[in-house]
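One structure below.
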Amino acid sequence: MIRPVIETIGLTKSFGSSRAVDGVTVEFPAGSVTALLGLNGAGKTTLLRLIAGLDRPDAGTVAVCRQPRSGGPRLLGVHLGPDAMNPKHTVHRHLAWLAALSGIGSARVDAILDETGLLGQRSVRIGRLSLGARQRLAIAGALLGEPRALLFDEPLNGLDVPGIVWFRSLLRRLAKAGCTVVVATHLLGEVALTADRIALLVDGQIQTVGALQQLAPEGEDTREWLENALLEYA
């Protein structure tokens, strides 16, 4: 039996009278890429923030590597989009600041800049970067601590075709190395190409979870099946 790296039990979060996440119990195993799917407002970002420890649940628990909290960037890397960065900082300064906060050596900063294709832009201010480059920088921040688990929220937004192909390859490398990867995305074609598993959220509840190969009917186009599964709850 493969032990889950990320596990939630009864996770619940409300904002006012609106329940964004409703009793979610789910496991994400090692060496896998799970696509977190759902319509807008289904609770995907809130669930990722709860797992990351950025929001406090009203009820329920989260464990990462059997620890009751996210465990810091060496256990859990978090990407929540390219906007939460100081536009006046350079690319290098941003990552160096993250590294210093987490006790990560400076050599890792240049290594991750190289891995994410940003080495040539290390001295560029974030505010001058394209959306795709800022997206890569946000991904670099998640990868910085070489974590055992990673959360990505719509990481493909703004990436061009080479960037999408690069990220696709990155996910497969991470899974092959034993990492647990959870990706919230609307790009169902990429899900069909990269995900081992899916978790479908509907109104804050897990509707379907499991291995994509087992869930999708044999002989049916995976992307079309995913599309129909989402449209069922539109």
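Note that UniProt numbering has the sequence shown beginning at 1, numbered continuously upward.
Cβ coordinates follow ideal geometry from the N, Cα and C atoms, glycine included.
The model shown is predicted, which means the values in this text are computed figures rather than measured ones.
The beta carbon of alanine 59 lies closer than 7 Å to those of Gly10 and Thr12 in the same chain, with the five residues before and after it left out. Per DSSP, proline 73 lies in no alpha helix (DSSP H) segment and is marked neither H nor E. Remark: C-beta atoms of arginine 197 and proline 147 do not approach each other more closely than 8 Å.
DSSP places glycine 60 within a strand segment (E or B) once states are collapsed to three. If you ignore the 5 residues before and after proline 57, its C-beta comes within less than 7 Å of the C-beta of Leu11, Thr12, Lys13 and Leu50, all in its own chain and listed in chain order. Contact annotation: valine 24 and glutamine 205 have beta-carbon atoms nearer than 8 Å. Counting along the chain, glycine 10 sits inside the beta strand (DSSP E) bounded by residues 4-15.
If you check the CB distance, isoleucine 104 and valine 64 do not come in under 8 Å.
Per DSSP, the beta bridge partners of arginine 125 are Thr90.
When DSSP states are grouped into helix, strand and coil, leucine 201 belongs to the strand group. Counting C-beta pairs with one atom in each stretch, the segment 134-151 and the segment 98-115 have three or more that are closer than 8 Å, which means they touch. DSSP places leucine 101 in the helix class (H, G or I) of the three-state scheme. In the displayed model, aspartate 114 falls within a helix according to three-state DSSP. Remark: C-beta atoms of histidine 79 and aspartate 160 do not approach each other more closely than 8 Å. Take the alpha-carbon of leucine 95 and the one of valine 109: they are about 6 Å apart.
DSSP, reduced to helix, strand and coil, places alanine 84 outside both helices and strands of the structure shown, so it counts as coil.
Between the beta-carbon of proline 82 and that of leucine 137 there is about 7 Å, and that keeps the pair under the 8 Å contact cut.
Taking each of Leu171, Thr8 and Gly158 in turn and checking the Cα distance to glutamate 115, the smallest one comes out for Leu171.
Take alanine 234, set aside five residues on each side of it, and the residues of its chain with a beta-carbon closer than 8 Å to its own are Leu39, in chain order. In the structure shown, the three-state DSSP call for proline 68 is coil.
Secondary-structure assignment with DSSP links phenylalanine 152 through a beta bridge to His79 and Val183. The alpha carbon of glutamine 67 has as its nearest neighbour, out of Val183, Asp203 and Thr8, the alpha carbon of Thr8. Under the three-state reduction of DSSP, serine 130 is assigned to coil, being neither helix nor strand. A straight line joining the alpha-carbon of leucine 212 with that of glycine 163 spans about 24 Å.
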